[in-house]
Each structure stands twice: as structure tokens, then as C-alpha cells.
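Each remark here refers to the structure printed beneath this line.
There are 2 protein chains.
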Amino acid sequence: MEIPEPAKERLLYLLKLLEKGGSATLTSAQIESLAGWSRDSIRKDISYLAADIGKASGYDSAALENAIKKTLRLDRIQKICVVGLGRLGSAYLNFGAFQHGEFELTAGFDANVNRVEILSSPVPLYPTYKMNEVINRFAIEISLLCVPEDQAQLAADKLIAAGIRGIVNFAPVVLKVPPEVAVRNVYVVDELRSLSIRIHTEKA
Amino acid sequence: MEIPEPAKERLLYLLKLLEKGGSATLTSAQIESLAGWSRDSIRKDISYLAADIGKASGYDSAALENAIKKTLRLDRIQKICVVGLGRLGSAYLNFGAFQHGEFELTAGFDANVNRVEILSSPVPLYPTYKMNEVINRFAIEISLLCVPEDQAQLAADKLIAAGIRGIVNFAPVVLKVPPEVAVRNVYVVDELRSLSIRIHTEKA
Chain A
1 MEIPEPAKER LLYLLKLLEK GGSATLTSAQ IESLAGWSRD SIRKDISYLA
51 ADIGKASGYD SAALENAIKK TLRLDRIQKI CVVGLGRLGS AYLNFGAFQH
101 GEFELTAGFD ANVNRVEILS SPVPLYPTYK MNEVINRFAI EISLLCVPED
151 QAQLAADKLI AAGIRGIVNF APVVLKVPPE VAVRNVYVVD ELRSLSIRIH
201 TEKA
Chain F
205 MEIPEPAKER LLYLLKLLEK GGSATLTSAQ IESLAGWSRD SIRKDISYLA
255 ADIGKASGYD SAALENAIKK TLRLDRIQKI CVVGLGRLGS AYLNFGAFQH
305 GEFELTAGFD ANVNRVEILS SPVPLYPTYK MNEVINRFAI EISLLCVPED
355 QAQLAADKLI AAGIRGIVNF APVVLKVPPE VAVRNVYVVD ELRSLSIRIH
405 TEKA
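Taken in order, these protein sequences are the chains called A and F.
Each step along the first sequence adds one to the number in the numbering used here, with nothing skipped, and position 16 is 16.
Start counting at 1 in the second sequence, then tack on 204, and there's your number in the numbering used here.
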């Protein structure tokens with residue numbers, strides 16, 4: 001069954017709430033108060049999960065968590081890489097969640113061969129010209145893109161040519177990508193602007 | 205006039221497109237093809253801007269950019285701080301966009317006094333116990349929160365007590381904040397999950 005995109009995003013958020021732990025069972029009413037969606041919307045979302053996750057007395061939290069992971073195909077380890085080993089990129093090389101979680105950081109790339117050689121890293125580092133080979137060898141599907149603004153499109157093009165399917169883009173650039181490649185933009189100035197708007201243009 | 209939240213978000217995205225530069229004038233049709241919204245929606249959004257930004261032959265890009273900034277109150281320098289000076293937090297201390305842009309990084313805080321003393325930074329650093337004083341002295345309104353997961357809520361509480369109005373939260377925690385405080389969550393694992401879902405559960 002095809003799940004609508006907004007339902008997927010809500011299930012993802014519900015997964016995050018469930019992972020915080022708490023009670024062993026949850027009712028639709030409790031989820032409503034935690035997540036802020038209507039009970040009807042929650043029941044509908046949960047109906048997409050192909051699993052027996054509880055009854056009238058409440059959903060079993062662990063079963064619900066597993067069912068969401070399975071349905072959204074988050075129930076296995078996925079390989080990722082980071083491109084651009086400046087301050088931000090090298091911070092992610094040492095990011096704890098990538099060493100024991102569902103996303104395993106498998107390689108780091110930088111155009112500067114010298115930087116690749118001297119950086120100390122728990123993850124193997126490679127010069128950019130090895131990108132195609134390494135991405136295919138390890139079946140890496142998603143990349144963090146941490147290069148400077150003026151190199152972002154070129155680096156994205158190389159990643160896509162190597163077969164990458166998703167990019168978390170930290171550069172302040174709207175990337176041009178083919179329709180089969182997914183992009184999420186993370187740029188802190190955009191987040192700040194969004195907050196600023198909420199703070200300063202809310203109803204008085 | 206109160207602008208609906210989705211219209212604000214679209215105007216923010218349009219601002220980003222305009223800042224990339226290009227043509228001196230833009231028609232609704234061109235914006236439609238760049239941004240992917242309908243012409244009607246674009247015209248309606250632009251009607252919220254209290255400014256003369258063009259006519260039938262197209263919008264004047266520079267005037268449109270200025271009008272969006274003015275209407276969304278992004279036309280001035282806003283002071284921000286960073287709390288938590290680990291790898292990610294200290295990467296942001298040196299972030300170019302915060303040294304000459306609309307958001308001016310004014311202070312960094314860390315609970316570890318030793319770290320505050322030895323880190324080299326273009327921005328003044330303070331121990332956490334000075335947070336209240338510094339935030340008020342410089343009228344800092346927004347903070348980046350880069351502390352570890354188990355310290356995030358406590359640090360957020362201190363920021364809110366000091367009068368902060370917006371938080372960009374990098375910790376994988378759903379923060380509890382009063383309704384007048386705005387939060388944007390940036391957590392790279394959430395972005396990866398969102399991408400993974402799009403890659404692996406799309407219509408075949």
C-alpha cells in the first residue's frame with residue numbers, strides 16, 4: 001500500500017517520540033497529546049502499518065516502534081558518506097550516532113589530498129577522485145554534503161554520477177539534481193530566518 | 205495584515221531563490237518554474253508584501269527581495285549565540301555567514317570553564333553561569349543549542365530563563381518549551397531517515 005508523504009513524516013515523528021521511551025502502551029489520545037495531531041489522523045496513519053500493534057486498550061509501544069521501522073524500511077543499517085572535510089564535515093566524522101546506529105558512516109571524501117592524509121578519523125578517508133569506486137564498493141546510498149558553497153553543485157554532480165540516491169546538503173545552494181535523487185537542505189541561516197519570522201511576525 | 209505561516213515559508217524560499225541572483229525581473233511564470241508553486245499562489249503571497257514591486261511585465265527582483273526582507277523583518281542584524289562548544293558548536297564559531305550576515309554570532313557558552321578558556325575563537329566565549337548576564341547585555345534573541353543530548357533540556361531551560369526567544373536545536377531531543385519560545389530541530393539522523401524513506405518507499 002502506498003503511504004502518503006505527510007503520513008510518512010508523521011510516522012517518523014511518532015517513531016522519534018516512541019524512541020524517547022516512557023510507557024509500555026500508548027493510546028491514540030496519549031499520542032494526540034504528545035504529537036499534536038488528531039486521534040483520527042493517528043489511527044489512520046497507524047492503519048498503514050502492516051502489523052498487529054495493539055487493541056482498544058492502547059498500542060504496544062515496542063511493537064509500534066518496530067512496525068514503523070519495518071514499514072518505513074528503517075530496520076537495517078544503511079551506509080552513508082561525508083563529502084567535504086572542513087570544520088562541519090570533520091565534526092560529523094566523529095559523530096557518535098554514526099558509529100553504532102542505523103546509519104553507518106563508511107567513508108569521508110575531500111578534494112584536498114593533504115587534508116585526507118593528515119586528518120585523524122575513525123572512518124576511512126579518500127581523495128575525491130576515488131568517490132565512484134568507494135561509493136560502489138560499499139554500496140553507499142546517502143551522502144552528507146559539507147563542501148563550501150561554490151563547490152556544492154560540482155560535488156553533488158560527482159556523487160550522483162557515482163550512484164548516490166540521497167544528499168543532506170549543508171551548503172547554502174539550491175542543488176540541481178535529477179528527479180530520482182532526493183535532497184534535504186540543512187542550512188542554519190535558513191533555520192534562523194524561519195525562527196526569526198516566527199518570533200517577530202506572530203499575531204500580537 | 206497577518207500573513208499565513210505557509211505563505212511566510214514560501215516567501216522565505218522565494219527570497220533564497222532571489223538571492224542566488226539571475227534576472228533583473230521575474231514573472232509569476234518564471235517563479236512558478238523555479239519554485240514549483242502555482243502562479244496564483246505566488247501572486248497571492250506577493251500581495252502580502254507592502255511594496256510596489258512591479259507590474260504586468262514582471263516583478264523587479266531587487267525590489268521583491270527587499271520587500272520580502274522588510275515584510276518578514278529580516279532587514280536588520282540580529283544577535284545570536286551558541287551554547288555547547290564541542291565539535292559542532294565550535295564549527296559554528298568560525299562559520300563565515302555569522303561574521304558578516306544578517307545573523308551576528310555574539311557569544312559562545314560552555315559549562316566547561318577550561319574549554320571556554322583554551323578554545324581560540326573570533327567570538328567572545330563565556331562559562332554557562334554568565335549566560336543570563338550576557339544574553340541580556342547584548343539583547344541576544346536566538347541561540348544555537350549544540351550540547352549533548354542529556355544536557356539539552358537543562359541548557360534550553362537556562363536559555364529560556366535568560367529571555368531567549370528562539371532555539372535551533374541540534375540535540376536529538378524533543379525540547380519542552382513554553383508556547384512563546386520557537387524551536388527548530390536540526391538533527392542529521394532525522395534528515396537521513398527522511399531521505400531514506402523517500403528513496404526506499406516511493407512508488408515503484
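Glycine included, each C-beta is placed from N, C-alpha and C at the ideal position.
Source: prediction; values computed, not measured.
Short CB-CB distance (under 8 Å) between residue i and chain A
{"i": "F/N298", "result": "yes"}
{"i": "F/H404", "result": "yes"}
{"i": "F/K380", "result": "no"}
{"i": "F/G370", "result": "yes"}
{"i": "F/S227", "result": "no"}
{"i": "F/I346", "result": "yes"}
{"i": "F/L349", "result": "no"}
Residue i, buried or exposed, once every other Cβ within 10 Å from all chains shown has been counted against 16
{"i": "F/S155", "result": "An answer regarding residue 155 of chain F cannot be provided, because it is not within the stretch 205 to 408 covered by chain F."}
{"i": "A/I77", "result": "exposed"}
{"i": "A/N169", "result": "buried"}
{"i": "F/Y263", "result": "buried"}
{"i": "A/R10", "result": "buried"}
{"i": "F/K273", "result": "buried"}
Rounded C-alpha distance that separates residue i from residue j
{"i": "A/G36", "j": "F/A239", "result": "29 Å"}
{"i": "A/N136", "j": "A/Y92", "result": "21 Å"}
{"i": "A/H200", "j": "F/R291", "result": "31 Å"}
{"i": "F/E337", "j": "F/A366", "result": "8 Å"}
{"i": "F/T229", "j": "F/D244", "result": "18 Å"}
{"i": "A/S33", "j": "A/E5", "result": "22 Å"}
{"i": "F/P328", "j": "F/D361", "result": "22 Å"}
{"i": "A/A204", "j": "A/R193", "result": "The predicted model places A/A204 with a pLDDT of 43, which falls under 50 and marks its position as unreliable; any figure quoted below should be read in that light. Straight-line Cα distance between these residues: approximately 19 Å."}
{"i": "F/A266", "j": "F/L253", "result": "14 Å"}
{"i": "A/Y187", "j": "A/A171", "result": "7 Å"}
{"i": "A/I197", "j": "A/D190", "result": "11 Å"}
{"i": "A/I140", "j": "A/V181", "result": "14 Å"}
{"i": "A/E2", "j": "A/D45", "result": "12 Å"}
{"i": "A/R43", "j": "A/Q99", "result": "35 Å"}
Residue i at chain F interface by Cβ criterion, 8 Å
{"i": "A/I42", "result": "no"}
{"i": "A/L26", "result": "no"}
{"i": "A/V161", "result": "It is worth fixing the name first, because residue 161 of chain A is Ala in this sequence and not Val. By this cut-off, A/A161 is not an interface position."}
{"i": "A/I31", "result": "no"}
{"i": "A/F103", "result": "yes"}
{"i": "A/A171", "result": "no"}
{"i": "A/I135", "result": "no"}
{"i": "A/L85", "result": "no"}
{"i": "A/A50", "result": "no"}
{"i": "A/A155", "result": "no"}
{"i": "A/R184", "result": "yes"}
Residue-chain proximity (residue i, chain B), Cβ-Cβ < 8 Å
{"i": "A/A97", "result": "In the structure shown, chain B does not exist; the protein chains are A and F."}
Review point. When Cβ atoms are compared, which residues of the segment 59 to 82 of chain A fall closer than 9 Å to chain F?
Key: The residues in question are T71, L72, R73, L74, Q78, I80.
Practice item. Note down, in chain order, all residues in the segment 107 to 126 of chain A with a beta-carbon under 9 Å from any beta-carbon belonging to chain F. Key: none
Point to revise | Minimum length 4: unbroken alpha helix (DSSP H) runs contained in the segment 62 to 145 of chain A | key: 87 to 93, 97 to 100, 113 to 118, 131 to 138
Point to revise | beta strand (DSSP E) segments (min. 3 residues) lying fully within the segment 151 to 201 of chain A | key: 166 to 169, 182 to 185
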